[in-house]
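The sequence shown begins at 1 in the numbering used here and counts up by one.
Every residue, glycine too, gets a C-beta built ideally from N, C-alpha and C.
To keep things clear, I will list the structure first and then write my remarks on it.
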Amino acid sequence: MRIKSSIGSRIFDSFNVIGLCLFSVLIMLPVVNVVSASFSSEQALTKSRVSFWPVDFHYGNYEAVMENSVFWNAFLVTICVVVMGTLTNLVLTVSAAYPLSRRFLRGRKPILMGILFTMIFQAPLIPTYLLIKNLNLMDSIWALFVPMACGAFNVMLCMTFLRVNVPEELLEAAKVDGMSEYGIVAKIVVPLSMPIIMTLMLFSAVSLWNNYMLALLYITEARLRPLQLYLYQLISQGNMMEYADVIDTATSSSPIGIQMATVVISTLPIVVVYPFIQKHFIKGALLGSIKE
């Protein structure tokens, strides 16, 4: 049965849709401009003729980026950091959230208060730097994800989800059948928690992919530079040394065009992966936000 809306409700819905459409267009305009600049010639970019459509369309900027070994080294470092960091984050988060979601755990409240304390008061930069240095993690790939290995927000979100969607009666029945705690986590808790696990995986992967502050602080060797630090040095500092020969010999390539093409390629993996896990992300975020 369809409920008839009032005139005021329909007017509100219309303005709401129009406003959201305009807001979406405003958000997409910088993205379209970057993509257009990546396919435009040096003359068009120098004369500021590029707006939202490529001028003198060509692929020279992308060819220069794809043939650059330094870019691919940074890309592979980022892939390794994202994979290792996401797996570490998921294991530690679920391992911490599962016992904290059970009400019978002794000392549960002080532990939760400690986790909440870290959400409010974060460690200062200098002590964190000294800790990483004393652990001999400087100039190592571990320094790029160990400081983000387990977040308090992710633990609280996963704990709430487990408390709401994994009833204690089910776990007690599994214990009566002789299943161990590890078996319960592997065969019951994890399969029932796939929505929140996919949500946490997206949070962790995007954070690790976009993070350059850790590399800026703890990495000095060029071979360990992740993609975001490479982009920072390429765009903010104008470091185009590895493209000098390409720009001199190929008139179709330009520093600005190469920078824009690098940005597009760096953003593409997240854009491609997100639609496949969007439904899990929405479901996990909504269910994990419910409190008893």
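For the set Ile265, Phe71 and Phe276, the Cα lying nearest the Cα of Val31 is the one of Ile265. Counting other Cβ atoms within 10 Å of its Cβ, Leu116 stays below 16 and is therefore classed as exposed. Contact between Val263 and Leu229 does not hold, since their C-beta atoms are separated by about 14 Å, which reaches or exceeds 8 Å. Between the segment 54 to 63 and the segment 164 to 175, the count of Cβ pairs shorter than 8 Å is below three; the stretches do not touch.
Contact between the segment 211 to 219 and the segment 135 to 145 is present, with at least three C-beta pairs closer than 8 Å. By the beta-carbon neighbour count (other beta carbons within 10 angstroms, threshold 16), Ser41 is buried. In the assembly as shown, Leu214 is a buried residue. Its beta-carbon has 16 or more other beta-carbons within 10 Å. Our two residues, Ile120 and Phe52, have alpha carbons roughly 42 Å apart in a direct line. In the structure shown, Tyr129 falls within a helical segment according to DSSP collapsed to helix, strand and coil.
Between Met159 and Leu100 the beta-carbon gap is near 5 Å, inside 8 Å, which marks them as a contact. Rounded to whole angstroms, Lys109 and Ser254 show a C-alpha spacing of 59 Å. In this structure, Leu192 lies away from Asn154, with their beta-carbon atoms at least 8 Å apart.
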